[in-house]
Amino acid sequence: VVSMGEGESFVVADIPGLIEGAHEGIGLGHDFLRHIERTRILVHVIDIAAVDGRDPIEDFHAINRELKKYNPDLAKRPQIIAANKVDVLINDAFLKGFTTTMEQAGYRVFPISAVTGAGVKELMGYVYEQVKALPEPIVYEPAPKELLFTAVEEEPFTVEIDNGIYVVDGPWIRGILRGINFEDRESLQYFQRALRQKGVIEALEEKGIEEGDTVMVGEDSEFEYIP
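Using the working numbering, you'd call the opening residue of the sequence shown number 162 and step up by one each time.
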């Protein structure tokens, strides 16, 4: 949580860097991309010093290609660039050229140093103003008559912990999973309600689950627990 003073704040999620092929699940890509789907603005932290010989502009475009392949909507979200490591930058002309190129493409660039803190306050101030300017997110509450499935009768299920992952299973759970379209918001909401109504969420909480923990439902459906 980034505090802006006087009770004003916003939430920032630190997502590890994506690698090529992330949209196919390479390098835990799907896990990271699922986190990104919950954001409304993307801030790219780019190594402007390029100490390892990488091309910051190509790195930026490579990430956007992965975003677009996974979910085209992600690449359309507002994006800001934090040109990091200016404290070890040798060639200022490179930063100027990078900034010119990216701003001509429509992206706002903020030179920063995560080590010294230079430019971070200005970056966070701009991000906060952009967040405030966004329209309120739409909350979908489908009417019961639009539900795609009929609630199941209460049946047994198991909740186990395997290497830190909460594993939930049961015949009726697998039956529901076969009919769920996880690309459809209403279908997903129905599934979440079924788990809560049948006591699965309560059982997970009794096992000590916390926000951000991983839940495996059935054989291969993996989720992040969000209360």
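Ideal Cβ placement from N, Cα and C applies to all residues, glycine included.
When secondary structure is reduced to three states using DSSP, ASP330 falls in the strand class. Non-local C-beta neighbours of ASN225 in its own chain, meaning closer than 7 Å and more than five positions away in sequence, comprise ALA236, ordered along the chain.
Measuring C-alpha to C-alpha distances from ALA210 to each of ARG201, LEU203, ASP220 and ILE202 identifies ASP220 as the nearest. By the criterion of at least three beta-carbon pairs nearer than 8 Å, the stretch 244 to 252 is in contact with the stretch 200 to 209.
DSSP places ASN232 outside any beta strand (DSSP E), giving it a letter other than H or E. Taking all protein chains shown into account, VAL276 has fewer than 16 neighbouring C-beta atoms within 10 Å of its C-beta and is therefore exposed. Here THR261 carries a helix assignment [DSSP, helix/strand/coil]. Here DSSP, grouped into helix, strand and coil, assigns LEU349 to helix. If the five residues before and after PRO388 are omitted, its C-beta is found closer than 8 Å to the C-beta atoms of GLU372, all from its own chain and listed in chain order. Secondary-structure assignment with DSSP links PHE171 through a beta bridge to VAL163.
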